[in-house]
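Structure record follows, encoded as structure tokens.
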Amino acid sequence: DTEVTQTPKHLVMGMTNKKSLKCEQHMGHRAMYWYKQKAKKPPELMFVYSYEKLSINESVPSRFSPECPNSSLLNLHLHALQPEDSALYLCASSQPFPGLAGVGNEQFFGPGTRLTVL
Amino acid sequence: GQNIDQPTEMTATEGAIVQINCTYQTSGFNGLFWYQQHAGEAPTFLSYNVLDGLEEKGRFSSFLSRSKGYSYLLLKELQMKDSASYLCALHNAGNMLTFGGGTRLMVKP
Chain U
1 DTEVTQTPKH LVMGMTNKKS LKCEQHMGHR AMYWYKQKAK KPPELMFVYS
51 YEKLSINESV PSRFSPECPN SSLLNLHLHA LQPEDSALYL CASSQPFPGL
101 AGVGNEQFFG PGTRLTVL
Chain G
1 GQNIDQPTEM TATEGAIVQI NCTYQTSGFN GLFWYQQHAG EAPTFLSYNV
51 LDGLEEKGRF SSFLSRSKGY SYLLLKELQM KDSASYLCAL HNAGNMLTFG
101 GGTRLMVKP
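The listed protein sequences derive, respectively, from chains U and G. Using our numbering, the first residue of the first sequence is number 1, and each one after it goes up by one. Using our numbering, the first residue of the second sequence is number 1, and each one after it goes up by one.
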């Protein structure tokens with residue numbers, strides 16, 4: 001299984017709502033990531049979890065709250081979002097440390113959740 | 001910080017060869033990735049260069065020159081399905097990726 005799954009595919013929420021994005025992988029990867037991607041822009045890293053611990057937070061506002069309940073699951077809890085937070089949210093996974101050159105370093109991306117904040 | 005530049009858009013003809021360049025300025029990095037992303041879909045891994053030189057994978061090859069701060073992705077025998085965005089990304093400590101702006105490639109018949 002070389003797939004990263006994300007639910008839901010699409011999400012529309014109001015600025016006062018609380019919602020969660022979910023990501024799952026069964027490749028045995030111990031690093032998981034959240035990215036935000038605006039239209040015609042590259043993905044921007046938000047959070048990195050390594051061995052279920054938050055290792056990197058790229059100065060993301062507190063209205064985004066990540067959670068890694070176990071090695072296969074990654075959640076992103078959303079609260080009091082703004083319309084400018086509308087974007088494609090991508091989850092990815094990989095081995096946590098660089099392996100041999102060119103081996104096992106790549107990040108596998110899920111299909112994303114298209115989020116619209118009204 | 002890191003600065004990565006790619007052409008915004010390129011157009012090529014089916015069956016031809018196209019080279020997508022990526023230049024960067026950085027004080028250090030582990031390696032350089034190339035990803036393909038079709039509109040509305042997830043990025044998919046194409047190649048990873050750690051050492052200088054050419055890595056070949058079927059119709060796709062990627063080149064890295066650390067001394068020149070330069071990489072390129074070479075696509076041969078272009079097919080219509082190769083129309084997509086191509087992202088180069090620097091691989092940094094902590095397994096962090098810094099992406100370039102991406103190059104949108106349009107393949108025409």
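From the three backbone atoms N, C-alpha and C, an ideal C-beta is built for every residue, glycine too.
What does a CB cutoff of less than 6 Å around His-79(U) pick up in its chain, not counting 5 residues either side in sequence? Lys-18, Arg-63
Amino acids of chain G, ordered along the chain, whose beta-carbon sits closer than 8 Å to that of Gly-28(U): Neighbours of Gly-28(U) on chain G: none; closest Cβ ~15 Å, over 8 Å.
In the DSSP output, what is Gln-36(G) paired with across the bridge? Thr-44(G), Tyr-86(G)
Using a cut-off of 7 Å between C-beta atoms, extract the partners of Ala-42(G) located in chain U. Leu-90, Phe-109, Gly-110, Pro-111, Gly-112
Only counting the same chain, and skipping five residues up and downstream in sequence, which positions put a Cβ closer than 7 Å to that of Met-46(U)? Cβ contact annotation for Met-46(U) (same chain, cutoff 7 Å, sequence separation greater than five): Trp-34, Tyr-35, Lys-36, Glu-58, Val-60, Phe-64, in chain order.
Going by the C-beta, is Met-10(G) closer than 7 Å to any heavy atom of the ligand MN? In terms of ligand content, the structure shown is empty, and the ligand MN therefore cannot be addressed.
Give me the Cα-Cα distance between Met-13(U) and Leu-76(U), rounded to the nearest whole angstrom. In this structure, the alpha-carbon of Met-13(U) lies about 14 Å from that of Leu-76(U).
Report the start-end ranges of each beta strand (DSSP E) in the region 53-104 of chain U that is 3 residues or longer and not cut off at the edges. 53-57, 64-70, 73-79, 87-94
Which residues share a DSSP beta bridge with Phe-109(U)? Ala-92(U)
Distance between Ser-93(U) and Gly-102(G) (C-alpha atoms, nearest Å): Between Gly-102(G) and Ser-93(U), the C-alpha separation is close to 21 Å.
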